[in-house]
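A short worksheet on the structure shown next.
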Amino acid sequence: MSEEYRSMWTNLGLDLDAHDALLGVLGNAYEDIYLSQKNRPEGMGYFDFVMSEVHGLRIKELMDEKKTDRKIIGSFCVFVPEEIVLAANATLVGLCSGADFAMEDVERLLPRNTCALIKSAFGFKLGKVCPYLESADMVVGENTCDGKKKSYESLNNLVGNLYVMDLPQVKSEHGKALLRAEYDRFKSAAESLTGVTITPESLKQAIRTVNAKRTALHRLSSLRKSDPAPISGLDALLANQVFFYDNPARFTDSVNKICDELENRIEEKKGAFPEKTPRILLSGCPQAVPNWKLPFIVETSGAVIVGEESCVGERGTRNLTDDSGNTVDEMMEAIVDRYFQVDCAIFTPNPERLEHIQELATSCKADGVIHYGLQFCQPYLMESIPVENVLENNNIPCLRIETDYSIEDMGQLKTRIEAFVEQLR
Ligand code: BJ8
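Residue numbers (this note's numbering): 1028 to 1452.
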């Protein structure tokens, strides 16, 4: 990495030694998991580049935006509406983290039995290794699961600019009114951070920009229905992960370019894996960068992943926001309508998610579903049992996996997954 990046990281307050160690591990994992894949679409070269520069060029771009008075807002959840952020002349970046870091320090602040995703976010802060977190002018936490909402009380002592959004847990009229009130409050907070008042024009444009990103991913998802699958699940996951970091217009273009290439591959019957490879839908907790463990095991065990029922996947991008409103009020209502459909397991009851998993398994022609729950994640682990029941009642085999970010259980997971894949053949 160039000297320019090193001085940028120093200015952001990163611990350079710890950061070098993290980038070293990340680079090796990327090479072993991603670059070793065969038959990748050429367009993945863009995403390889993004990953190689994820703490370099992209951070420099954010710093350049800040010099023009644009603000950076970081978030841990897909309930934070990017439409409002963009309309207020700010950039949204994802802060969820997919690797263990500084665990001894983390376990001084959080109970050991906290999910890996929350611990990782704390580890990246305590270890001073996340340039996204350090460049954010506002960090948004949200009251979703108990682990997250209680941990934000501690994060508040570490992050000076934490804003906590309340979220409903029930899909009722009352719940929807709460979401509207909280989005109005967030809109005011974003406007006062940037000094920019959201107008009907800026909000409409922002809705269109975010819808375009989602539409490109919908196109990618529908191409994965083909057999042979034209792209690996690992590569499709990477595109879904980069969704949270990249410049929105550039991201949309890059995904559309890959889709053009995939259409040709489908015509030529060229796949990432051979035809009739067992097809898996992955469902459950979000997989933040660089959490590639489970898809790596699945795709080196004789199967291909053809869809992700996850916030880093379909759940996060499924619905578009209606852009037909003429006033800010009408468009804010459309934003609430859109986000209120997100079927995160923190909602109770949550029958839409069960329906959606079945629909998705059918539409992506999955032979089976692997439900991925992070250890200590009550909402998704609780819901994995009804998910398994409903799928098996419909003759869709399901394997429930509970794991974390460590590599210790990889051998055991591989044995279970290989047996599951064998059953699908
Ligand atoms: S909308 S899934 S991004 S809350 S894994 S921290 S649930 S204990 S991440 Fe999520 Fe928003 Fe919901 Fe999506 Fe808690 Fe479970 Fe940990 Fe989780």
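By construction, the Cβ of each residue, glycine as well, lies at the ideal position given by its N, Cα and C atoms.
If you're wondering where the values come from, they're calculated on a predicted model, not measured in any experiment.
Could you check whether the Cβ of Gly1020 sits closer than 6 Å to any heavy atom belonging to the ligand BJ8?
The structure shown has nothing for residue 1020, since the chain only spans 1028 to 1452.
Do the CB positions of Glu1326 and Gly1395 come within less than 7 Å of each other?
No; because the gap between Cβ atoms is not below 7 Å, this pair is not in contact.
Determine, using beta carbons only, whether Tyr1399 and Cys1312 come nearer to each other than 7 Å.
The answer is yes: Cβ separation under 7 Å.
Nearest residue (CA-CA) to Leu1205, options Ser1215, Met1192 and Ala1217
Considering only alpha carbons, the answer is Met1192.
Taking contact to mean at least 3 C-beta pairs separated by less than 8 Å, is the segment 1122-1133 in contact with the segment 1094-1105?
In short, these stretches touch, since the Cβ pair count reaches three.
Within its chain, find whatever has a CB closer than 8 Å to the CB of Met1130; leave out the 5 residues flanking it on each side and keep chain order.
Excluding sequence positions up to five before and after Met1130, its CB lies within less than 8 Å of the CB of Lys1146 and Gly1150, all in the same chain and listed in chain order.
Look at Ala1163 and Ile1099 and say whether their C-beta atoms are less than 7 Å apart.
Yes. Within cutoff.
Please name the residue or residues paired with Glu1336 in a DSSP beta bridge.
The partner list for Glu1336 (beta bridge, DSSP) reads Ser1310.
Start and end of the beta strand (DSSP E) containing Ile1428?
Judged by DSSP secondary structure, Ile1428 falls within the beta strand (DSSP E) whose first and last residues are Cys1425 to Thr1430.
Taking 6 Å as the cut-off, is the CB of Thr1171 close to at least one heavy atom of the ligand BJ8?
Checking the Cβ of Thr1171 against the ligand BJ8 gives yes.
Within 10 angstroms of the Cβ of Pro1376, are there 16 or more other Cβ atoms? Answer buried if so, exposed if not.
Pro1376 should be labelled exposed.
Status (buried if at least 16 other CB within 10 Å, exposed otherwise) for Val1052
Exposed, since its Cβ has fewer than 16 Cβ neighbours within 10 Å.
Below 6 Å, is the gap between the Cβ of Val1454 and the nearest heavy atom of the ligand BJ8?
Residue 1454 lies beyond the residue range present for the chain, which begins at 1028 and ends at 1452; the question has no answer from this structure.
Touching by the beta-carbon criterion (3+ pairs, under 8 Å), the segment 1286-1293 and the segment 1252-1270
Contact holds: three or more Cβ-Cβ distances are below 8 Å.
With hydrogens ignored, establish whether the beta-carbon of Ile1145 is closer than 6 Å to any heavy atom of the ligand BJ8.
Yes, Cβ of Ile1145 sits closer than 6 Å to a heavy atom of the ligand BJ8.
Below 7 Å between beta carbons: does that hold for Tyr1190 and Ala1216?
Yes, Cβ-Cβ distance for Tyr1190 and Ala1216 is below 7 Å.
Is Cys1338 near the ligand BJ8 - that is, is its Cβ less than 6 Å away from at least one heavy atom of it?
Under cutoff, so the answer is yes.
Any beta-carbon of chain C closer than 7 Å to the one on Arg1306?
Of the protein chains in this structure there is only one, and it is not chain C.
For Asn1416, which of Cys1404, Glu1382 and Glu1445 has the nearest alpha-carbon?
If we check each option's Cα against that of Asn1416, Glu1382 comes out closest.
Can you list, in chain order, the residues of its chain with a C-beta nearer than 8 Å to that of Gln1196? Leave out the 5 residues immediately preceding and following it.
Answer for Gln1196: Gly1202, Ile1373, Phe1374 and Thr1375, listed in chain order.
Three-way DSSP call (helix, strand, coil) for His1398 in this model
Here His1398 sits in strand by DSSP.
Among Trp1036, Asp1075 and Met1035, nearest to Gly1054 - alpha-carbon criterion:
If you compare the alpha carbons of Trp1036, Asp1075 and Met1035 with that of Gly1054, the shortest gap goes to Asp1075.
Boundaries of the alpha helix (DSSP H) in which Val1120 is found, first to last residue:
Where Val1120 is concerned, there is no enclosing alpha helix (DSSP H), although the beta strand (DSSP E) around it starts and stops at Ala1117 to Gly1121.
Identity of the residues DSSP links to Glu1169 by a beta bridge
According to DSSP, Glu1169 bridges with Met1192.
So, with DSSP's three-state summary, where would you put Lys1252?
Residue state, collapsed to three classes: coil.
Which two residues bound the contiguous alpha helix (DSSP H) that contains Ser1456?
What the structure shows of the chain is the stretch from 1028 to 1452, and residue 1456 is not part of that stretch, so it cannot be assessed.
Leaving aside the five residues before and after Thr1389 along the sequence, list all residues of the same chain whose C-beta is less than 7 Å from its C-beta, in chain order.
Contacts found: none.
Is any heavy atom in the ligand BJ8 found nearer than 6 Å to the beta carbon of Pro1138?
Pro1138 Cβ: outside cutoff for every heavy atom of the ligand BJ8.
Please determine whether the Cβ atom of Pro1195 lies at a distance below 6 Å from any heavy atom of the ligand BJ8.
No - the ligand BJ8 has no heavy atom lying nearer than 6 Å to the Cβ of Pro1195.
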